[in-house]
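A quick write-up on the structure given underneath.
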Amino acid sequence: MVLVLATANRHKIRELEALLGDLPFQLCPLPAAAADPPLPEPGPTLAANAEAKALAAAARTGCLALADDSGLEVDALGGEPGVWSSRFLGEEATDSDRTAAILAALRTYPWHGRTARFRCAVAVADPTGRVLCRSEGVLEGFIAFEASGTGGFGYDPIFFVPELSRTLAEAGPAVKNRISHRAQALLGCRPVLAALAAQAGLAGQSPA
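Residue numbers for the sequence shown follow the numbering used here, beginning at 110 and rising by one.
Here it is as structure tokens:
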């Protein structure tokens with residue numbers, strides 16, 4: 110059974126494939142033709158964006174689709190950048206630009222004032238316009254004083270996880286995929302996905 114991963118982010122695709130690879134699906138990144146125009150992100154919440162992207166991808170491909178939307182919430186910044194985490198400096202900004210901006214904004218804050226969390230919302234939709242599953246996951250931590258580590262992507266180099274005593278970028282993919290906000294969000298959808306696969310008897314179709 111085909112499950113379209115409704116994202117063009119290659120890092121996110123890699124994580125989703127690792128987290129869902131044990132389920133009996135043919136995991137397919139959103140085809141280029143179906144990704145134009147960009148999937149909608151109407152906000153104002155991560156959950157709303159995940160649902161909108163899953164519904165759009167399912168409608169465009171005629172297949173079951175899974176989407177997520179994730180954000181970094183920094184308490185000292187009033188929960189920002191939040192839903193704007195990938196866009197708060199504009200479409201042309203890089204991951205390095207965004208992490209540098211967060212570090213600059215917190216440059217005078219002590220450790221106890223650097224609390225933050227990663228939040229992820231996941232939605233699964235079918236081509237008939239039904240949202241079959243909604244789930245969220247959270248990973249609590251701190252904003253480090255400087256970037257460290259070469260793994261992961263996005264804000265991982267500055268997100269310090271106390272239970273690991275290191276940043277997510279230092280943790281490695283196996284550890285990250287065990288504790289991450291994305292892994293926790295997907296846990297809530299796994300029973301639904303497993304049931305759908307069982308009902309389909311593994312027979313599926315290829316996305317358009």
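Note that the Cβ used here is the ideal one computed from N, Cα and C, for glycine as well.
Inset, instruction - Under the assumption that T237 contacts A253 (Cβ atoms under 8 Å), give the Cβ distance between them as a whole number of angstroms. - result: Rounded, the Cβ-Cβ distance is 45 Å, inconsistent with contact.
Legend entry - C-beta contact flag for V283 and G261 at 8 Å: Strictly speaking, residue 283 in this sequence is Ala, with Val absent from that position. Taking 8 Å as the Cβ cut-off, A283 and G261 do not qualify as a contacting pair.
Inset, instruction - Taking the CB atoms as reference points, tell me whether L128 and L173 lie closer together than 8 Å. - result: No; because the gap between Cβ atoms is not below 8 Å, this pair is not in contact.
Inset, instruction - Kindly indicate which residue of I267, L148 and C242 has the alpha-carbon position closest to the one of T170. - result: Residue L148 is the option with its Cα nearest to T170.
Inset, instruction - Could you check the C-alpha separation between K121 and H221 for me, to the nearest Å? - result: The straight-line gap from Cα to Cα measures roughly 30 Å.
Inset, instruction - Answer yes if the stretch 293-306 comes into contact with the stretch 240-249, meaning at least three C-beta pairs across the two stretches below 8 Å, and no otherwise. - result: The stretch 240-249 is in contact with the stretch 293-306.
Legend entry - Residues bridged to V111 [DSSP beta-bridge criterion]: The beta-bridge partner set that DSSP reports for V111 consists of Q135.
Legend entry - T224 versus A256 - alpha carbon distance: Near 16 Å, if we compare the C-alpha coordinates of A256 and T224.
Inset, instruction - Assign G171 to one of three DSSP states: helix, strand, or coil. - result: The answer is coil: DSSP assigns G171 none of H, G, I, E or B.
Inset, instruction - Measure the C-alpha to C-alpha separation of A306 and Y218 and round it to an integer number of angstroms. - result: Taking C-alpha positions only, A306 is separated from Y218 by approximately 49 Å.
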